[in-house]
Structures are given as C-alpha cells and as structure tokens.
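Line order of the protein sequences matches chains A and B. When you line the first sequence up against this note's numbering, it's residues 162 to 646, in that order. When you line the second sequence up against this note's numbering, it's residues 162 to 646, in that order. In this text, a Cβ means the ideal position worked out from N, Cα and C, and glycines have one as well. Working notes for the structure below.
2 protein chains.
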Amino acid sequence: MSEETTDKTVEQWGILELELPARVDGNPFVDVALSATFSLKHRAITVDGFCDGADAFRVRFMPDVPGEWQYTTHSDCPELDGKTGSFVCGPPGSGNHGPVRVEDTFHFAYADGTPYYQVGTTCYAWVHQGDALEEQTLETLKTAPFNKIRMCVFPKAYRYNDNEPEYYAYERNEAGEWDFARFNPEFWRHLEKRVGQLMELGIEADLILFHPYDRWGFAKMDAESDDRYLRYLVARLAAYRNVWWSLANEYDLMREKSMADWDRFFRVIQESDPYQRLRSVHNCRQFYDYGKPWVTHCSIQSSSLNRTREWRNTHRKPVVIDECRYEGNIEQGWGNISGQEIVHRFWLGTVGGGYVGHGETYIHPEDILWWSKGGVLHGESPARIAFLRQLVEDGPAMGFTPLKWRVPVPGVGKGDEYCLFYFGDSRPGEYTFRLPNEHQYRVELIDTWEMTITPLEGLYSGTFKIEMPSKTAMAVRMQKAEGNG
Amino acid sequence: MSEETTDKTVEQWGILELELPARVDGNPFVDVALSATFSLKHRAITVDGFCDGADAFRVRFMPDVPGEWQYTTHSDCPELDGKTGSFVCGPPGSGNHGPVRVEDTFHFAYADGTPYYQVGTTCYAWVHQGDALEEQTLETLKTAPFNKIRMCVFPKAYRYNDNEPEYYAYERNEAGEWDFARFNPEFWRHLEKRVGQLMELGIEADLILFHPYDRWGFAKMDAESDDRYLRYLVARLAAYRNVWWSLANEYDLMREKSMADWDRFFRVIQESDPYQRLRSVHNCRQFYDYGKPWVTHCSIQSSSLNRTREWRNTHRKPVVIDECRYEGNIEQGWGNISGQEIVHRFWLGTVGGGYVGHGETYIHPEDILWWSKGGVLHGESPARIAFLRQLVEDGPAMGFTPLKWRVPVPGVGKGDEYCLFYFGDSRPGEYTFRLPNEHQYRVELIDTWEMTITPLEGLYSGTFKIEMPSKTAMAVRMQKAEGNG
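Now the structure itself:
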C-alpha cells in the first residue's frame with residue numbers, strides 16, 4: 162500500500178486527477194474495475210476511474226468543500242488497488258462559482274449561491290471541426306452573451322454537416338468496424354479539453370449524449386455498449402463542474418431506442434455521477450416525461466413560448482426552452498426566423514418564467530453554420546439577447562416569477578419589488594396598469610429591439626396610464642421606489 | 162277576395178314587398194298572424210309577414226327563379242287574409258349573383274355559381290352612429306376590399322362606445338321601460354335601409370343577433386321576447402339576399418343564455434327563414450359545436466390561424482375566422498396588432514383553406530374606431546388584404562384546398578393546376594420544392610407585404626431549387642404551364 166501526498170492544491174469545485182499506471186492484459190477498458198474513495202473527515206465519496214489508453218488509468222474528482230481530502234483506490238488489478246494519498250482543497254479561483262444546480266423549484270444557481278440565469282446557445286458539432294474553427298468558436302464565445310452551449314459528444318451527419326470529425330470515440334477492430342468496447346483516448350482528451358475551455362469561460366457544457374443524426378453507427382449501439390459508453394463518459398467528465406447531461410437531442414427520433422432505454426440511461430447516469438449534475442432530454446415532437454424523478458429540469462423544443470408558464474406549472478421544474486427555431490435563412494422552417502422573432506421568443510420565455518436557447522443558421526459558402534459548427538456569429542439577435550441577459554441580471558436575485566397581479570400582459574417579477582411586462586406583438590399607444598396601491602414605482606419603457614431603456618418621470622402607484630409608442634416588442638419595467646411602502 | 166297584379170318586375174333574388182293596410186285593435190305586433198304563399202307552377206313557399214307600425218303590414222319575398230309568381234295571403238285578420246296577386250320575376254340586375262351558400266363542403270358560392278371568397282370586416286355598431294358617419298362608412302366600403310361586414314342589430318355599450326343610438330328596436334311603455342312586444346318600425350326601416358345599401362355594394366351583412374355588450378337590457382330579454390324578436394327579424398330581413406345570421410358575438414360571454422337557448426335560437430331561425438340563409442355563432446373562448454346540423458359554417462374567434470386546416474377537418478364546414486385580433490393600437494391585446502401581423506394572419510387562414518375577417522382599432526380623438534363605428538380606414542392592412550383577395554380571385558374557381566403534396570410549407574391549390582405556398586415567418590434564402598414530375602409550372606415569387614409578384618424565368622418541374630430573398634411574409638405561386646402534361 163503506497164501513500165502519496167500531492168503538493169497541488171486543488172481549488173474548490175476544481176478537478177483532482179489521479180494518474181495510475183498499470184500494465185493490463187486483455188482489454189483495459191472492460192477488464193479492469195477501478196474506483197477511488199475520497200473522504201474528508203467522516204464524509205466519503207466513491208468515484209469511478211477510467212482507462213485512458215494503454216497502461217494508463219485515471220480517477221477524477223471534484224472536491225466541493227475546502228480542506229484536506231484523503232483518498233484510497235480500489236481495483237481488481239493489484240497495481241491499481243489500495244493507492245492512498247491526500248490533497249488540499251483550497252478556495253475557488255476567480256470566476257469559479259461551482260456547479261449549477263436547481264434553486265427554488267424553477268430556477269438555477271451556482272453552488273456558491275450566485276444565481277445562474279441560463280442563456281443558451283447551440284453548436285452541436287463544434288468539437289468535431291478541427292482546431293482552427295474550434296478556437297474561433299471559443300473566441301466568439303468569449304464576448305457572446307451565452308452561458309450554456311448545447312454540444313454533441315458524437316459527430317453529426319446532417320445537411321451542412323458532411324465533414325468527418327477529426328477524432329472518433331472508439332477504436333476500429335481489424336475488420337474496420339467500430340469496437341464499442343475500446344474507447345479512443347485521443348477523442349476523449351480532445352472533448353475534455355474543449356469542455357475545460359468552456360469552464361474557463363464560465364460556460365456550461367450541455368453535453369448531448371445521443372442524437373439521431375448519425376452515419377457511423379453511434380446511434381445504433383446495443384444496450385451493453387450504450388451503458389458502457391455512459392459509464393465511461395461519466396467517469397471521465399463528471400468532475401468538470403460545468404457539465405450537464407442532455408441524454409439526447411430529439412430523443413423521440415431515435416427509432417432504435419425505446420422509452421425503457423431512456424429511463425435506463427437516466428438511471429445509469431444517476432447511479433454513476435457522484436455530483437448529480439443536471440439531467441434532462443430534448444424532444445422533437447413529444448416531451449419526455451419531465452415528472453420522472455431523475456429529470457432535473459425541462460429541456461424543450463417548441464415554438465409555443467407562450468406556454469412556458471403552463472410548463473412550469475405542469476412539471477414543477479425549471480423550464481429551459483433549448484430550441485424555439487433559429488435565426489437564419491436556411492430552407493428548413495426551424496432555421497429561418499428573423500432576429501426579431503427569436504428575440505421575441507426569448508422575451509416570451511423569460512416573462513413566462515423560463516429560460517431560452519439561441520441558435521443561428523445562416524447559409525454559408527463553406528457550410529459553417531453556427532448552430533452546428535460554431536465559427537462566428539452573423540445574426541442580429543445576440544446583441545439583443547445580451548441586453549435581455551443584462552436586464553435579468555440587474556433584476557431581483559434568483560430569477561423571475563410570473564406575476565399574480567391581474568394584468569393582461571405577461572409579466573414576471575419578484576413580490577412587490579420588481580416587475581417586468583412584455584407586450585410582444587401587442588403595440589398599444591397607451592396602457593393602463595392596475596397595480597396595488599401600497600407602493601410607488603419607478604417606471605421605464607424598454608424597447609427590446611432598439612435596446613433602449615427610457616425612464617418615465619415621477620413615481621407611479623395604483624391605477625395609472627402611460628403613453629406607449631404603438632410599436633411591437635416593447636417592455637415596461639417597474640421597480641419599487643426606495644424609501645416608501 | 163281581391164286580386165292584384167303588380168306591374169313591377171322584380172329581379173331574380175330581389176325583393177317583392179306586399180303592402181297590406183289593416184286597422185287592428187290591440188297590439189298589431191303580437192295579435193295578428195300574417196303570412197303569404199308565393200308559388201310558381203307547383204312550387205309554393207310560405208313566408209311570414211310583419212307589422213310595420215300602426216295599420217301597416219308587409220310581406221317580403223325573394224323570388225329565386227324568373228317567371229310569373231302568384232301569391233295568396235293568410236291571416237286571422239280578415240282585412241289581411243286572402244289577398245292574391247301575381248308579379249313577374251325577371252333576370253338579375255348587374256352585380257346580383259344571388260345569395261351566398263355553402264359550396265363544396267368548405268367554400269362559398271353565390272346562387273348563380275359565382276365563387277364567393279369571404280373577405281370580412283367588422284363594424285359592430287355602424288348602423289347606430291347617425292347618418293353622417295354611416296354614409297361615410299358606406300363610402301369607405303365602396304373601395305375597401307371587404308365583401309362581408311359583421312354588424313350588430315342591437316347597439317353596443319363598451320369602451321369607445323358611449324353614445325346612444327339614434328333608434329331603438331322597441332317602443333317604451335308608459336313606465337319608460339322597453340316593451341319587448343312592440344317593435345319600433347323606424348329602427349327596423351333604418352336597419353333595412355343600411356342592409357339594402359350593403360346589398361347594392363355587393364357586401365354580405367353578417368347580422369349579429371345578440372351580443373353581451375349591452376346597457377339597455379337587450380341581452381337579458383326573456384325567452385318569449387327573444388323568440389318574438391328572432392321571428393320578427395327574420396320576417397323583415399330574410400328576403401335581403403345578402404343577409405347572414407350570426408346568432409351572437411361572443412355567445413359564451415352572455416351569462417343569461419344557456420346552451421339550450423342557443424340551440425333554440427338556431428331552430429327558430431331555421432324554422433322561420435324560407436331561404437335558409439347562412440347561420441353561425443361567434444365565440445369568445447369556447448366554440449359552439451359547429452357540428453350541429455343547423456350551423457352552416459364556422460365563425461371563429463382565435464389567434465391560432467395555423468389551426469385552420471384542423472378546424473376544416475374537424476367540422477367539415479367552411480371555416481371563417483371572423484376575429485383574429487385587429488390592426489390598431491388600443492390597450493386591449495385583441496386590438497393592437499400591426500398591419501403586418503393581421504395580413505400574416507389572413508395569409509395563414511387562407512393557406513389553411515379558410516377565410517379571415519379584418520378589424521381596425523386605432524385610438525381616435527372622437528372614439529371613432531372602425532371596428533365598432535365605421536368611418537374611414539387608417540391601417541396598412543386593407544391594401545394588402547385587397548392584394549390577397551385579388552390573388553385568390555385570380556386563382557382556381559371555388560376556393561383553395563390544402564395541398565396533399567409533402568411540402569413542409571403550408572400551401573393551398575387546386576389539384577395539379579395551381580398551388581400557392583406561404584412562408585410566413587420563415588425567411589429562407591433558397592428553397593427546394595419537391596413536386597410531382599408530371600407537369601411543368603410557371604413560378605412566381607410574391608411579396609405579400611410589398612404586394613409584388615415577380616415571375617421567375619423558365620418552367621419548373623419535379624425537384625428544383627429557387628433563390629428566395631431571406632424576407633418574412635413571402636409566398637410562391639405555381640401554375641401549370643399551358644400545353645404540357
């Protein structure tokens with residue numbers, strides 16, 4: 162039994178990685194069991210390790226409280242068994258708020274309590290495009306308004322997606338077929354590198370584990386291979402604090418999988434993941450039953466953003482509308498709405514008490530469409546989404562709740578302190594608000610497209626009428642004036 | 162028994178009116194039964210007469226075939242009974258196509274076979290505004306694109322509708338209360354004059370018989386009064402070939418009426434109306450059951466114009482979306498959408514195989530909003546609605562049928578001859594059509610807002626791609642080229 166003390170101090174919610182060399186006969190990906198128990202005082206957490214190629218094994222762990230942690234490895238391979246050691250977990254680094262979790266039924270927050278207001282985008286296959294484009298995508302994300310990205314583990318075969326990926330998740334056997342029992346460490350290291358870079362940018366990686374747009378066979382593996390894949394994925398990636406598990410994109414288009422398969426996938430992940438990262442699954446036509454206990458939030462494809470409040474009430478979980486059609490001009494209806502329309506949808510989802518996702522699909526001479534490959538953004542919506550994000554972040558902590566006041570315009574807010582009304586395609590020339598009399602409010606007119614905030618003079622209370630500009634996409638923000646009520 | 166031969170030749174689908182003076186004791190509106198049987202050879206049609214004030218009785222009849230008609234009156238009042246006579250029905254005058262009826266399950270046509278493509282508007286209380294404004298409304302209608310107008314028999318009490326009408330349908334009793342057994346002939350003559358003027362303009366009068374926006378008590382009459390009202394109305398107005406019976410506006414907001422009342426109203430009208438004019442009823446939240454046999458067509462309030470095809474399939478009757486929100490800028494959401502939005506809704510309804518209605522609600526210094534009072538039109542939509550009407554009229558006879566071709570854009574057409582696709586909020590930069598190979602088509606790009614039709618060069622067949630302008634509200638028209646296939 163060997164003991165090792167690492168000098169390295171790992172930050173809270175950072176990654177401690179154990180490197181464990183061992184010569185193994187047979188297939189090290191399936192023939193070796195490896196785990197490690199990390200403990201701090203009487204608390205112990207056992208996590209699975211994984212084979213990272215010939216003779217190389219690793220265990221990754223995300224410590225969630227500062228202090229001195231101990232570990233012991235367990236394996237049926239004597240070389241890997243009984244390794245012990247300790248390391249110190251220090252305070253989190255700048256910008257590290259920990260993993261995102263569900264807060265207050267309908268919202269999200271980082272582990273340190275900072276609210277997380279999901280503003281998603283979609284670049285399904287961005288990690289399969291080669292370094293030049295992938296780095297450009299990361300560069301774009303640095304200044305884009307998005308704090309979550311939906312991305313597939315497996316490559317994508319679909320219109321505008323004809324290129325082969327640089328790496329594959331599996332090795333091929335001698336017959337040239339995929340060997341679903343032998344993972345390709347290069348693929349996984351590349352994926353982890355990109356996930357880690359997103360983490361540094363403060364962007365959650367909504368990892369899509371399965372999807373139907375496949376020409377390689379990854380959508381048609383047998384159940385044993387599927388489960389092995391999931392466990393390997395979780396062992397490698399769960400320690401990244403920015404990982405979310407999206408079991409599929411358009412799960413209901415994957416004909417080879419039954420509902421029992423999807424339920425089992427959730428269960429396998431739930432069993433394997435020591436951190437209980439956020440879990441959901443994205444639909445094409447039919448929602449998965451978000452009421453099932455292993456689902457942490459809704460991940461919705463729908464154009465009916467006005468149903469957001471209904472979905473909250475039905476599922477009693479955070480509502481993320483990950484796909485509501487994309488800004489662009491391709492043939493497909495899901496990818497050719499205007500910037501105005503997708504911004505309108507972001508606002509509808511927001512005032513319904515939910516969170517919305519962006520995508521962009523402009524025809525490109527080299528088929529570099531943001532929605533799938535990343536690159537640069539061309540659309541008009543990101544600036545307006547940034548404006549909305551800023552408004553939300555300037556709002557009350559921990560998200561908006563649909564208003565219970567009887568105002569016939571959708572609105573969100575927090576108690577009597579704050580309210581935000583969105584008029585959408587209604588464009589009144591004047592509007593009468595009927596609010597409670599108890600408080601006085603500062604009132605601002607917001608042009609969601611022009612990104613202007615115009616304060617109205619004076620304070621308002623009870624029933625009052627304001628002039629409005631007979632324009633679409635206007636919002637009104639009311640904040641309780643200090644020093645009254 | 163007296164015999165009279167009128168010299169007057171009545172045009173086909175015109176009105177023959179018998180004037181029958183008689184001194185009657187008591188209440189001539191309820192104490193006298195009067196009808197007349199009109200016959201041509203072996204065909205006989207009995208219609209009810211009505212009291213038109215002191216000592217004045219009338220019977221109105223719309224002859225529907227040319228020839229010499231005979232008539233005999235029937236009454237329990239000897240002075241009115243047994244009057245006989247004849248008149249000649251001649252050919253219809255210019256612009257007179259007869260009454261509109263249902264054609265081919267989902268469409269309408271005039272009695273002479275001319276297709277009637279419903280393009281409605283709404284001026285609920287226009288006949289209660291006094292001559293100056295009413296004549297201005299008629300002047301506006303002369304050049305407006307509308308061939309149907311929704312209008313209430315009773316006056317309207319609602320926001321922007323504070324004025325008293327000039328005429329009331331009833332006399333008051335000595336206590337100053339309405340006497341629902343004594344009609345006010347002045348009111349009715351005025352209404353008939355306006356209906357007749359609409360008829361001259363070729364505009365159908367969709368008469369709304371009840372509505373909830375009432376401060377006079379006309380929405381709360383007892384059942385006997387309701388039925389008397391309906392029979393009197395039918396006796397007076399059914400002979401006008403442009404009359405439709407709309408049993409209510411927002412029937413489901415009339416708390417005093419039960420579903421049994423609505424069913425009875427339909428039955429009373431169906432029994433009384435010799436011509437079986439079109440009958441429907443308009444909802445607020447809940448549709449009346451359009452499947453009931455006395456309903457001739459759907460009269461829908463809804464914003465879900467994309468459900469038009471579903472409503473056709475469900476109800477198997479023509480679908481008229483009479484209210485889909487109005488162009489304007491008032492506070493209420495139903496009256497503040499843009500011209501673009503209502504035109505979009507007209508197109509959605511049209512490519513769903515239905516017919517749509519317009520309304521306009523711009524804030525006006527004297528509260529003259531077209532939707533209720535008429536006057537002049539201020540909006541941007543009527544010109545585009547006229548453009549759409551012209552396109553429809555230029556299309557295949559007797560209306561559009563949703564296409565069965567597997568094209569993911571809503572389209573209507575007629576067999577393989579003609580198709581019209583509408584892209585709505587989809588704004589592709591290019592589009593691939595996959596049509597049958599058998600025929601060649603002329604293809605035109607239509608900008609529904611700019612009202613332009615741009616023919617593409619050449620002929621197209623089978624699978625082909627066209628360039629499109631990445632703009633919303635575009636349509637594509639395809640017409641089979643002559644001389645092929």
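Query raised in the report: Straight-line CA distance for residue 499/B to residue 323/B?
Result: As a first step, residue 499/B is located in the second sequence; it is residue number 338 there, counting from the start. As a first step, residue 323/B is located in the second sequence; it is residue number 162 there, counting from the start. Their Cα atoms are separated by approximately 26 Å.
Query raised in the report: Can you list, in chain order, the residues of its chain whose CB lies under 6 Å from that of residue 349/B, leaving out five sequence neighbours each side?
Result: For this step, residue 349/B is matched to residue 188 along the second sequence. Here the set comprises 397.
Query raised in the report: From this set, 627/B, 584/B and 619/B, which residue's C-alpha is nearest residue 594/B's C-alpha?
Result: Taking the second sequence and counting its residues from 1, the one referred to as residue 594/B is at position 433. Closest in C-alpha terms to residue 594/B, from the list 627/B, 584/B and 619/B, comes 627/B.
Query raised in the report: Sorted by chain position, which residues of the same chain lie with C-beta nearer than 8 Å to residue 310/B's C-beta, five sequence neighbours on each side aside?
Result: Position 149 of the second sequence, counting from 1, holds the residue named residue 310/B. The answer, listed in chain order, is 281, 282, 283, 284, 287, 302, 359, 364, 365, 366 and 367.
Query - Pairwise C-alpha distance: residue 614/A and residue 253/A - result: For the purposes of this step, residue 253/A is taken as the residue at position 92 of the first sequence. For the purposes of this step, residue 614/A is taken as the residue at position 453 of the first sequence. Taking the CA atoms as reference points, residue 253/A sits about 36 Å from residue 614/A.
**Report entry** Sheet register partners of residue 484/A (DSSP bridge)
**Finding:** In the first sequence, the residue the question calls residue 484/A occupies position 323. Partner(s): 462/A.
**Report entry** Interface flag, residue 521/A vs chain B, CB-CB below 8 Å
**Finding:** Counting from 1 along the first sequence, the entry for residue 521/A is found at position 360. False, the Cβ-Cβ gap to chain B never drops below 8 Å.
Query raised in the report: Given residue 490/B, which residues of its chain have a CB within under 7 Å of its CB, disregarding the five upstream and five downstream residues?
Result: Mapped onto the second sequence, residue 490/B falls at position 329. Closer than 7 Å at the Cβ level, and outside the excluded window around residue 490/B, lie 497, 523 and 524.
Query raised in the report: Exposed or buried, residue 272/B, counting other C-beta atoms within 10 Å across all chains shown (16 or more means buried)?
Result: Working through the second sequence from its first residue, we reach residue 272/B at position 111. Residue 272/B should be labelled buried.
Query raised in the report: Ordered along the chain, which non-local residues of its own chain (more than five positions away) have a Cβ less than 6 Å from that of residue 435/B?
Result: Locating residue 435/B in the second sequence gives position 274, counting from the first residue. Once the five neighbours on either side are set aside, the close Cβ partners of residue 435/B are 206 and 208.
Query raised in the report: Looking at the C-beta of residue 645/B, does it have a partner C-beta in chain A at a distance below 8 Å?
Result: Here residue 645/B refers to the residue found at position 484 of the second sequence. The pLDDT assigned to residue 645/B is 49, lower than 50, so where the model puts this residue is not dependable; a value taken from the coordinates is nonetheless given after this. No, because no Cβ of chain A sits closer than 8 Å to the Cβ of residue 645/B.
Requested in this report: Take the Cβ of residue 312/A as the centre, count every other Cβ of all protein chains shown within 10 Å, and call the residue buried at 16 or more, exposed below.
Outcome: Position 151 of the first sequence, counted from the start, is the residue given in the question as residue 312/A. Buried, since its Cβ has 16 or more Cβ neighbours within 10 Å.
Report task. Can you give me the Cβ contacts of residue 189/A inside the same chain, cut-off strictly under 6 Å, excluding the 5 residues immediately before and after it? Result -> What you label residue 189/A is simply residue 28 of the first sequence in a count that begins at 1. If we look at residue 189/A and ignore the five residues flanking it on each side, its Cβ neighbours are 212.
Requested in this report: Please compile the residues from chain A whose C-beta is within a distance smaller than 8 Å of the C-beta of residue 587/B.
Outcome: Translated into the one-based positions of the second sequence, residue 587/B becomes position 426. The contacting residues are 494, 497 and 498.
Query raised in the report: When Cβ atoms are compared, which residues of the segment 576-609 of chain A fall closer than 7 Å to chain B?
Result: Cβ contacts with chain B come from 586, 587, 588, 589, 590, 591, 592 and 593.
**Report entry** Cβ of residue 543/B within 8 Å of any chain A Cβ
**Finding:** Here residue 543/B corresponds to residue number 382 of the second sequence, with the count starting at 1. No, residue 543/B lies away from the interface with chain A (no Cβ there is under 8 Å from its Cβ).
**Report entry** Where residue 403/A sits in the DSSP three-state scheme
**Finding:** For the purposes of this step, residue 403/A is identified with residue 242 of the first sequence, where counting begins at 1. Three-state result, residue 403/A: coil.
**Report entry** Sub-8 Å separation of residue 623/A and residue 598/A beta-carbons
**Finding:** Here residue 623/A refers to the residue found at position 462 when the first sequence is read from its first residue. Here residue 598/A refers to the residue found at position 437 when the first sequence is read from its first residue. The answer is yes: Cβ separation under 8 Å.
Query raised in the report: Taking the C-alpha atoms as reference points, what is the distance between residue 602/B and residue 612/A?
Result: In the second sequence, residue 602/B corresponds to position 441, counting from 1. In the first sequence, residue 612/A corresponds to position 451, counting from 1. C-alpha separation (whole angstroms): 46 Å.
Requested in this report: Kindly give me the distance between the Cβ atoms of residue 461/B and residue 504/B, rounded to whole angstroms, as I take these residues to be in contact under 8 Å.
Outcome: Here residue 461/B is taken as the residue at index 300 of the second sequence, counted from 1. Here residue 504/B is taken as the residue at index 343 of the second sequence, counted from 1. Not confirmed; about 18 Å, so no contact.
Query raised in the report: Leaving out five residues before and five after residue 507/A in sequence, what residues of the same chain have Cβ atoms less than 7 Å from its Cβ?
Result: In the first sequence, the residue the question calls residue 507/A occupies position 346. Excluding positions up to five away in sequence, the list reads 517, 546 and 549.
Query raised in the report: Should residue 429/B and residue 388/B be called a contact, given that it needs their Cβ atoms to be closer than 8 Å?
Result: On the second sequence, position 268 is the one that residue 429/B refers to. On the second sequence, position 227 is the one that residue 388/B refers to. Yes.
Query raised in the report: Is DSSP giving residue 534/B helix, strand or coil here?
Result: Taking the second sequence and counting its residues from 1, one reaches residue 534/B at position 373. In this structure, residue 534/B counts as helix in the three-state DSSP scheme.
Query raised in the report: Going by the CB atoms, is the gap between residue 224/A and residue 173/A shorter than 8 Å?
Result: Along the first sequence, one-based indexing puts residue 173/A at 12. Along the first sequence, one-based indexing puts residue 224/A at 63. With contacts defined by Cβ atoms closer than 8 Å, residue 173/A and residue 224/A form a contacting pair.
Query raised in the report: Tell me which same chain residues have a C-beta within less than 8 Å of the C-beta of residue 567/A, skipping the five on either side of it?
Result: Counting from 1 along the first sequence, the entry for residue 567/A is found at position 406. Excluding positions up to five away in sequence, the list reads 595.
**Report entry** CB contact below 8 Å: residue 611/B versus chain A
**Finding:** As a working note, residue 611/B is residue 450 in the second sequence. No, because no Cβ of chain A sits closer than 8 Å to the Cβ of residue 611/B.
Query raised in the report: So is residue 482/B in contact with chain A if we call contact Cβ pairs under 8 Å?
Result: Numbered from its first residue, the second sequence carries residue 482/B at position 321. No, residue 482/B does not count as interfacial toward chain A.
Query raised in the report: So residue 360/B is in the alpha helix (DSSP H); what residue range does that whole segment cover?
Result: Working through the second sequence from its first residue, we reach residue 360/B at position 199. Taken as a continuous stretch (DSSP letters only), the alpha helix (DSSP H) holding residue 360/B covers 346-361.
Query raised in the report: At which residue ranges does the segment 390-458 of chain B contain complete beta strand (DSSP E) runs of 3 or more residues, listed in the order of the chain?
Result: The segment 390-458 of chain B contains these whole beta strand (DSSP E) runs: 404-409.
Query raised in the report: Of the residues that make up the segment 501-533 of chain B, which ones have a beta carbon closer than 7 Å to any beta carbon in chain A?
Result: Across the segment 501-533 of chain B, CB contacts with chain A closer than 7 Å involve 502 and 524, in sequence order along the chain.
Query raised in the report: How would you list, in chain order, the residues of chain A whose beta-carbon sits under 7 Å from the beta-carbon of residue 631/B?
Result: Residue mapping note: residue 631/B aligns to position 470 of the second sequence, counting from 1. Residues of chain A passing the Cβ test: 490.
Query raised in the report: Per the contact definition of three or more C-beta pairs closer than 8 Å, is the segment 548-565 of chain A in contact with the segment 314-329 of chain A?
Result: Contact fails: fewer than three Cβ-Cβ distances are below 8 Å.
Query - Beta carbon of residue 492/B nearer than 8 Å to that of residue 542/B - result: Counting from 1 along the second sequence, the entry for residue 492/B is found at position 331. Counting from 1 along the second sequence, the entry for residue 542/B is found at position 381. No; because the gap between Cβ atoms is not below 8 Å, this pair is not in contact.
Query - Assigned exposure category for residue 180/B - 16 Cβ within 10 Å defines buried - result: Sequence index remark: in the second sequence, residue 180/B carries index 19 (1-based). Flag for residue 180/B reads exposed.
Query raised in the report: So, using beta-carbon positions, are residue 472/A and residue 427/A closer together than 8 Å?
Result: Translated into the one-based positions of the first sequence, residue 472/A becomes position 311. Translated into the one-based positions of the first sequence, residue 427/A becomes position 266. Contact: no.
Query - Contacts of residue 569/B in chain A (Cβ-Cβ under 7 Å) - result: Translated into the one-based positions of the second sequence, residue 569/B becomes position 408. Simply 494.
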